[in-house]
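Structure first, commentary second.
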Amino acid sequence: MILVTGATGHLGRAVLDTLLQHTAAHQLAALVRDPAKATDLQARGVSLRVGSYTDPASLAAAMPGIDTVLLISGGGDDDGLQQHQNVIDAARQAGVRRVAYTSRALQDPGTLANELMVRHFQTEDYLKASGLGYILFRNILYMDTLPLFTGPTVLETGINLPGGEGQVSYALRSEMGEAIANVLLQDFTDSRIYHFTGAAAYSFHDVAAALALASGRPVVYHDVAPEVLAARMRERGVPEVAIGRTIGFMTDIKHGQESLVSSDLAAALGRQPTGLLEGIKQLYQL
């Protein structure tokens with residue numbers, strides 16, 4: 001039986017949608033904080049386990065009968081690492097066979113500007129040391145983040161970000177969810193690491209060119225200073241913590257952290273992942 005945590009989030013639902021296409025619903029469980037948000041999953045036959053990463057007792061109650069846990073990484077809480085450790089501890093104590101974790105595909109974890117990303121690799125280390133079987137899904141930056149980074153007026157103002165000439169091998173979150181589900185359905189006993197990325201890496205110049213081609217309008221990328229982006233975000237009332245994390249993402253992109261390219265996603269999907277232009281058309285509704 002597979003337990004998917006974070007089941008009402010975008011990635012969790014993408015995983016469950018694929019799992020439900022290929023296995024019986026009674027073999028699936030969903031960890032949710034609010035069952036009212038998962039009534040559709042329950043209606044499809046998925047067992048709901050109510051719990052929270054911050055509540056070890058609820059996690060212990062969610063584990064009986066589970067063979068595999070998919071631990072979808074939490075948000076930016078200060079105790080995020082402890083939350084992940086709570087899930088791993090509960091799985092180990094319940095005799096779960098393996099834990100899969102959604103980590104990050106980054107070139108050099110030791111030189112990250114975005115400190116929030118460090119906890120992914122700390123979680124990896126904790127999971128490896130737990131004695132459990134493990135699957136690490138090291139995922140590249142979602143292509144779905146592009147509209148958030150470029151802003152709603154990108155077709156009028158162009159892309160104004162401090163990403164330098166850095167490249168990212170973007171992939172769609174939905175395809176990552178599909179690929180994760182495909183791997184979880186495989187019966188293997190060894191621990192594995194997957195790097196889920198797109199088939200090519202793209203700069204913001206490439207993103208601008210794709211937007212221009214898809215929209216029929218001129219779109220240009222301007223490499224601005226981090227201070228310029230921070231000031232513009234403050235004008236829009238963005239919290240300082242979010243500004244800092246965005247600058248961190250951009251700095252890591254500039255330094256090539258997100259440029260890893262792997263064929264693992266294509267292999268797990270059984271096809272090439274969606275490329276930049278088609279992804280842009282979907283995400284920007286062009």
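Counted from 1, the sequence shown has number 240 at position 240 by the UniProt record's numbering; the numbering is strictly sequential. All residues carry an ideal CB built from backbone N, CA and C; glycine is no exception. Fair warning: this is a prediction, and the values are worked out from it, not measured in the lab.
Measuring straight from C-alpha to C-alpha, what distance separates residue i and residue j?
i: S169; j: L146; result: 12 Å
i: V224; j: A231; result: 11 Å
i: Q285; j: E278; result: 10 Å
i: I159; j: A7; result: 33 Å
i: T153; j: E235; result: 15 Å
i: P162; j: L11; result: 27 Å
i: A200; j: L41; result: 35 Å
i: A30; j: P218; result: 45 Å
i: G166; j: V238; result: 24 Å
i: K254; j: A25; result: 43 Å
i: T54; j: R192; result: 27 Å
i: L265; j: Q83; result: 27 Å
i: E258; j: A38; result: 33 Å
i: V87; j: Q272; result: 33 Å
i: R92; j: A113; result: 32 Å
i: A62; j: L148; result: 34 Å
i: G74; j: G80; result: 6 Å
For residue i, count neighbouring C-beta atoms within 10 Å of its own C-beta (all shown protein chains included) and say buried if the count is 16 or more, exposed if not.
i: D252; result: buried
i: E115; result: exposed
i: S174; result: buried
i: S263; result: exposed
i: T111; result: exposed
i: H120; result: buried
i: R97; result: exposed
i: A90; result: buried
Start and end of the beta strand (DSSP E) containing residue i?
i: H195; result: R192 to F196
i: A231; result: Not the beta strand (DSSP E): A231 falls in the alpha helix (DSSP H), residues P226 to E235.
i: L3; result: I2 to V4
i: H222; result: Y221 to D223
Measuring alpha carbon to alpha carbon, tell me which residue in the options is nearest residue i.
i: I135; options: K254, Q282, Y194 and L185; result: Y194
i: D187; options: F149, G177, G270 and D67; result: D67
i: A179; options: N114, L269 and A57; result: L269
i: R13; options: E156, E258, V87 and I72; result: I72
i: T102; options: G177, L112 and A90; result: G177
i: A43; options: L28, P56 and S52; result: L28
i: F249; options: G275, P109 and A129; result: P109
i: D275; options: A267, T197 and R92; result: Rather than Asp, the amino acid found at residue 275 in this sequence is Gly. G275 has its Cα closest to that of T197, out of A267, T197 and R92.
i: V261; options: R104, G80, L127 and G75; result: R104
i: E156; options: R138, L211 and L59; result: L211
i: residue 287; options: S215, A242, P226 and I243; result: Residue 287 is absent from the structure shown; the chain starts at 1 and stops at 286.
i: D144; options: T123, G95, G133 and V207; result: V207
From what residue to what residue does the alpha helix (DSSP H) around residue i run?
i: D40; result: T39 to A43
i: L269; result: D264 to L269
i: L276; result: L276 to L283
Within the region 131-207, note down every full alpha helix (DSSP H) run reaching 4 residues or more, in order along the chain. With a minimum length of 4 residues, the continuous alpha helix (DSSP H) runs that stay inside the region 131-207 are 146-150, 154-157 and 173-184.
Write down every uninterrupted run of the alpha helix (DSSP H) in the UniProt domain "NAD(P)-binding" (6-145) whose length is 4 residues or greater and which is fully enclosed by it, in chain order. Listed in chain order, they are 10-22, 39-43, 56-62, 80-93 and 118-129.
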